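In what follows, a structure is listed as structure tokens, so that the remarks can point back to it.
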Amino acid sequence: MNALKTLNPYFWKHRMLLFWGFLFIIASNFFNIYKVQFVGKSVDEISSNGALGFNRQVLIYVAIIVGSSLATGFFTFMMRQTIIVASRRIEYELKNKIYQHYQNLSLTDFKKTTIGDLMNRLSEDIVAVRMYLGPGVMYVVNLLILLIITAVYMLKTDVQMTLWSLLPLPILSFVIYKVSSIINRKSKIMQKSQSAISTFVQDSFSGIRVVKFFAREKYISKNYGTRIRDYQDKALDLAKTEAYFFTIILLVVGLLNVIILLIGGNKYMAGVLSVGKIADFFLYINILIFPFSMVGWVTSVNQRAEASMSRINEFLDMKSEIVNTNHEVYPIKGDIEFRNVSYVYPNTGIRAL
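Below, the structure is given as structure tokens:
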């Protein structure tokens, strides 16, 4: 994570936006969990009365649920308006910094790499870093706060069911992390194929007169089609791997529902838990599933951001061959004379003077 440490000054610069974003995360998660208990109370109220007519207490519970849902939506919106906006601002500042560095480099530096690679640093690499700055940070903080709040409510209800319900979630995160690592590796392969296409197209357009002069249109079209099919195969391979991601989540959700139904059913038969408390557990677990499933994705995002930031730092560390340290202007007096002056292009060895 050494490369990502260079982003710390940007975090500090936008610390107020991030601070308010973290407060909004706490508020949104609190109201999201707070409403769950009233769903269970509504179920118990209806079960105890045995009637489906007008019930004033149930209407109060419904009003609290609706109000909490509105508060959750509002604070979630504000959470994104602070953390995601901060990441967008940092992305804008990074792009300006890279573009400014482009202008300061000499022509020799641009001949050492392809145009497609340079463009990827401004597009793909910056996007990967921005995903770490925004969603990467937001989902990690969201999971930690949500887990703390949810665990408190679940432990107050039943300790045994809480432990059995939370046990598969770390396993889910680990499995998704492994799948995400495979997805990350195949995604990099696909990006390299995309860069090759961009470089090929750029070279073809820049040399279009040569292509026409030698009538090589069919050759260019054939090579372009080969690269496109290679990119298509890699994209489909990536899509097949990503399909396992959602399959694993559905499997774990079904497993957790079975655990809650089995343990909760036995406790209901023993008179320990009510139907409403069991319903609460179903909702708690469904709320926790998505944040835990994002752990593997966030880890993959951080890995991609680390690699991308390393490439960006490598580029920003490049020094121009010509560095003017003295910007003072002196009046010119006398004649200018050149003696024994020569210049050889670094990449060609051709003596120009």
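So our numbering is basically just the index in the sequence shown, starting at one, shifted up by 422. Glycine included, each C-beta is placed from N, C-alpha and C at the ideal position. The model shown is predicted, which means the values in this text are computed figures rather than measured ones.
Judged by DSSP in its simplified three-state form, Val717 adopts helix. A contact is defined here as three or more CB-CB pairs under 8 Å, and the region 660-677 meets this definition with respect to the region 602-612.
Classified as buried, Asp547 has 16 or more neighbouring CB atoms from the shown chains inside 10 Å of its CB. Counting along the chain, the unbroken alpha helix (DSSP H) around Arg651 starts and ends at 639-691.
Judged by DSSP in its simplified three-state form, Arg510 adopts helix. Here Val484 really is in contact with Ser464; their C-beta atoms are around 7 Å apart, less than 8 Å. In the structure shown, Val694 falls within a coil segment according to DSSP collapsed to helix, strand and coil. Residue pairing by DSSP places Val562 in no beta bridge whatsoever. In the structure shown, the three-state DSSP call for Val581 is helix.
In this structure, the alpha-carbon of Gly629 lies about 11 Å from that of Phe636. Sequence-distant partners of Phe704 (beyond 5 residues in either direction) whose C-beta falls short of 8 Å from its own C-beta, in its chain, are Asn679, Ile682. A distance below 7 Å between beta-carbons, with the five flanking residues on each side excluded, links Val559 to the following residues of its chain, in chain order: Ile505. Distance from the CA atom of Leu516 to the CA atom of Ser509, rounded to whole angstroms, is 10 Å. The C-alpha of Phe496 is placed about 17 Å away from the C-alpha of Tyr561. Within 10 angstroms of the beta-carbon of Gly462 lie 16 or more other beta-carbons, which makes it buried.
Fewer than three beta-carbon pairs drawn from the region 520-533 and the region 707-727 are found closer than 8 Å, and the two stretches are therefore not classed as touching. DSSP, read as helix, strand or coil, puts Arg773 in strand. DSSP places Val601 in the uninterrupted alpha helix (DSSP H) bounded by 590-628. A straight line joining the alpha-carbon of Pro590 with that of Leu566 spans about 17 Å.
Under the three-state reduction of DSSP output, Val766 falls in the strand class. CA-to-CA, the gap between Lys534 and Asp625 works out to about 15 Å. Leu540 places its beta carbon 8 Å or farther from that of Leu710. Short of 8 Å from the beta carbon of Arg649, and not among the five residues preceding or following it, lie these beta carbons of its own chain, in chain order: Ser615, Ala618, Ile619, Phe622. For Arg761, there is no enclosing alpha helix (DSSP H), as DSSP marks it with neither H nor E.
Secondary structure within the region 445-494: the alpha helix (DSSP H) runs of 4 or more consecutive residues, fully enclosed, are 458-471 (chain order).
Here the alpha carbons of Ser732 and Arg543 stand approximately 10 Å from one another. Scanning its chain for C-beta atoms nearer than 6 Å, with the 5 sequence neighbours on each side dropped, one finds around Val480 the residues Ser464, Glu467, in chain order.
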